[in-house]
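Visitor: The structure's right below; bear with me while I get my questions together.
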Amino acid sequence: MAKNEVSKEVLLDGAQMIIAATIAGIGGFLKERDIPLKEWADYMGDAFEGSLGHLEGRGAGEVMEHLLALQVLPLGAEVISSKSSPGKAEVTLKALPPEAVLEKFGTTPAELLEGFDVTQREYESIFSMYEPAARSIGLKFEHYLKDDQAIISLTKS
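Numbering of the sequence shown is given in the working numbering, commencing with residue 12 and proceeding in unit increments.
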């Protein structure tokens, strides 16, 4: 019999897995049609361009904390390290949910991406969705892949 009472940890694991699989699935679907996943991410970014307006004038570190808490970490990303100064915030992370979460669903990060024919670089292109919102409040958002880890940063423009 199904239970309504499920721990928040289990719900979070399930949500992160579903989000990661959905993004990878969208990426694979678009790839089959010769449309880069980044184009979808850019579309999403344009749609949410004003989403950081309430943070205009705040420091890069505070805006990064907001992005991490409400937008990046719920995707299943895992922070490895971070550093912040008044004009710049940088975070190194793994874009996919932790292996321990994926193992609960019988997969690994590599298997999840391979199942949809999406590379790690293609998957991590979703971070470009934060560029328009950051730009609208005077910050520059950048992201790149280094040693299988995503680096995201905000800098005052």
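Each residue gets a CB set at the ideal place from its N, CA and C atoms; glycine is no exception.
Quick one, which of Leu113, Leu104, Glu50 has its alpha-carbon nearest Ile29's?
Guide: The option with the nearest alpha carbon to Ile29 is Leu113.
Visitor: Could you give the distance in angstroms between the alpha-carbon of Met140 and the alpha-carbon of Lys115?
Guide: If you take the alpha carbons of Met140 and Lys115, they lie about 29 Å apart.
Visitor: Can you give me the Cβ contacts of Gly61 inside the same chain, cut-off strictly under 8 Å, excluding the 5 residues immediately before and after it?
Guide: Taken in chain order, the residues that qualify are Ala144, Ser147.
Visitor: Output yes if chain B places a C-beta closer than 8 Å to the C-beta of Val112; else output no.
Guide: In the structure shown, chain B cannot be found, because there is only a single protein chain.
Visitor: With DSSP as the reference, identify every bridge partner of Leu150, one or two as the case may be.
Guide: Leu150 pairs with Lys167.
Visitor: Suppose only complete runs of 4+ residues qualify. What are the alpha helix (DSSP H) ranges in the segment 32-119, listed by chain order?
Guide: Correct list: 48-58, 71-78, 110-115.
Visitor: For Gly68, does the count of other Cβ atoms within 10 angstroms reach 16, so buried, or fall short, so exposed?
Guide: Result: exposed.
Visitor: Which residues does DSSP pair with Leu156 in a beta bridge?
Guide: Leu156 is bridged to Ala161.
Visitor: Whether or not the segment 130-140 and the segment 50-61 are in contact is what I'm after, with contact meaning three or more pairs of Cβ atoms, one per stretch, closer than 8 Å; do they touch?
Guide: Touching, yes.
Visitor: Report yes if the CB atom of Val102 is closer than 8 Å to the CB atom of Gly38, and no otherwise.
Guide: The answer is no: Cβ separation not under 8 Å.
Visitor: Beta carbon of Leu104, beta carbon of Ala31: below 8 Å?
Guide: The answer is no: Cβ separation not under 8 Å.
Visitor: Roughly how many angstroms separate the alpha carbons of Lys167 and Leu79, rounded to a whole number?
Guide: Approximately 17 Å, taken between the alpha carbons.
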